[in-house]
Amino acid sequence: MSHAYILWIATFAYALHVVEEYTFDWKGWAEHVLKLPVNWVHFAIVNGVVVVLGISCSQVAWSLPAYSLGLPALMLINATFFHVLPFLTTRGRFSPGLGTAVLLFYPIALWAYYGAYLDGVLTTPTLILSFVVGALLMASPIVMLKLRLLPYFNQNR
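Going by our numbering, the first residue of the sequence shown is number -13, and it counts up by one from there.
Structural data, given as structure tokens:
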């Protein structure tokens, strides 16, 4: 039996992560700690796109593992750089999403990679490319949030 089903579990874990972030005011935290110019509409749209990503990764599964493993890579990057490291660098200030990042993202993402390995689809190039995909996916909304503040992108001029 293929272990690609783990990607569906990862998608559900991401949905739970969104609930935790919303419940504990990720927006307020991101504005103060990460200095991101976010609002709840951005939050909803970006996380909606991530859930669609999860569904598409789950459907594609091992037919394109570098793409489908982009979701677990995104989870590991998100957990590490947007929850655990800020928690540590702020000397314990709670990061909304930290609980699901630690309790769900790390084990499920690693399980997905292990499942891909067991199914014979995890190669070194696939591993590297999946992290490139995950990093690009993680960076793109942040870059757009920053770019939209530049005069060139102001549509009211």
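Even glycine gets a Cβ: it sits at the ideal position worked out from N, Cα and C.
**Asked** By how many angstroms is the C-alpha of PHE91 removed from the C-alpha of ALA102?
**Response** 16 angstroms
**Contact with chain B by VAL129, beta-carbon distance below 7 angstroms** = Judged by its chain identifiers, the structure shown contains no chain B, having just a single protein chain.
**TRP48, enclosing alpha helix (DSSP H) - first and last residue** = Counting along the chain, no alpha helix (DSSP H) covers TRP48, and no H or E run does either.
**Request:** Would you give the residue range spanned by the alpha helix (DSSP H) that THR76 belongs to?
**Result:** THR76 -> no alpha helix (DSSP H), and no H or E assigned at all.
**Item:** Local Cβ density within 10 Å of PRO82, reported as buried at 16 or more and exposed below that
**Value:** Burial call: buried.
**Message:** Let me make sure I understand the geometry here. Which of LEU123, TYR(-9), VAL129, LEU22 has the alpha-carbon closest to that of LEU62?
**Reply:** LEU123
**At least 3 beta-carbon pairs within less than 8 angstroms: the segment 109 to 117 vs the segment 71 to 89** = Contact between the segment 109 to 117 and the segment 71 to 89 is absent, because fewer than three Cβ pairs lie under 8 angstroms.
**Request:** Decide if ILE94 is buried, meaning its Cβ has at least 16 other Cβ atoms within 10 Å, or exposed.
**Result:** Answer is buried; the Cβ neighbour count reaches 16.
**Request:** Would you grab the beta carbon distance between GLY56 and SER116 for me? Rounded to a whole angstrom, and I think it's under 8 angstroms.
**Result:** Indeed, because the Cβ distance is near 5 angstroms, the residues count as touching under 8 angstroms.
**7 angstroms CB neighbourhood of TRP26 in its chain, flanking five on each side removed** = LYS13, listed in sequence order.
**Message:** For ARG(-3) and VAL37, which I take to be in contact (beta-carbon distance under 8 angstroms), what is that distance rounded to the nearest angstrom?
**Reply:** The amino acid at residue -3 is misidentified as Arg; the sequence shows Thr. Correct: roughly 7 angstroms between the Cβ atoms.
**Cα-Cα separation between VAL32 and ALA16, rounded to whole angstroms** = In a straight line, the C-alpha of VAL32 is about 14 angstroms away from that of ALA16.
**Where PHE80 falls, given that 16 or more other Cβ within 10 Å makes a residue buried** = exposed
**Message:** Our contact map puts SER44 next to LEU(-7) with C-beta atoms below 8 angstroms; I'd like the distance itself, whole angstroms only.
**Reply:** 4 angstroms
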